[in-house]
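**Q** I have a structure I would like to understand better, so I am pasting it below and will then ask my questions one at a time.
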Amino acid sequence: MKIKSRYNILLIDNEYWTTDLFTKWLGEKADVHKATDAMGAFKTLRNKKFDYVFIDFDLNGQDGFQAYNILKPYLKKAEVYILSGYDKDYMMGFKRDIDLSGIKGYIHKNDFERFANEL
């Protein structure tokens, strides 16, 4: 994990309650930008560099890996994580895909508050 006084974070999730709650948990540690899909994220990524990017596994009609592959050329040095509310055992079936993709890891949405507190 990078150590910095304030982070630039992009949250890509189509559920507004999730991005709002995560923004609250990140508090004063981060400037949080939100997008509901890869296209919205692309518009944000063109103008800003991010320390962390969190992509929901299930974006309406698109999965997090598809979004990541679209955005990858613009992510530069950002640490990218897949977020999901799916059962952890289910998501372990995608561990190989995560490892091979260049994505830093997977965070269950129930564990995000702990992750945010560790920044």
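For the sequence shown, position 115 matches number 116 in the numbering used here, and the numbering has no gaps at all. No residue lacks a Cβ here, since even glycine has one placed at the ideal position from N, Cα and C. Source: prediction; values computed, not measured.
Starting from G1, trace the beta strand (DSSP E) both ways and give me its first and last residue.
**A** Residue 1 is absent from the model: the chain starts at 2 and stops at 120.
**Q** What is the residue span of the alpha helix (DSSP H) that Y87 lies within?
**A** Within the sequence shown, residue 87 is the residue found at index 86, counting from 1. From DSSP, Y87 is part of no alpha helix (DSSP H); its letter is neither H nor E.
**Q** Who are the Cβ neighbours of D38 in its own chain at under 6 Å, not counting the five residues just before and after it?
**A** Here residue 38 is taken as the residue at index 37 of the sequence shown, counted from 1. Around D38: L60.
**Q** For the alpha helix (DSSP H) containing L27, list its first residue and its last residue.
**A** Taking the sequence shown and counting its residues from 1, the one referred to as residue 27 is at position 26. Taken as a continuous stretch (DSSP letters only), the alpha helix (DSSP H) holding L27 covers Y17 to L27.
**Q** Rounded to a whole number of angstroms, what is the C-alpha to C-alpha distance between L22 and K110?
**A** Here the question's residue 22 lines up with position 21 in the sequence shown. Here the question's residue 110 lines up with position 109 in the sequence shown. Distance between the alpha carbons of L22 and K110 is about 10 Å.
**Q** Evaluate contact between the region 86 to 93 and the region 43 to 53, counting only Cβ atoms and requiring at least three cross-stretch pairs below 8 Å.
**A** no
**Q** Classify S6: buried if its beta carbon has 16 or more other beta carbons within 10 angstroms, exposed otherwise.
**A** As a working mapping, residue 6 is identified with position 5 in the sequence shown. By the neighbour-count rule (16 or more Cβ atoms within 10 Å), S6 is not buried but exposed.
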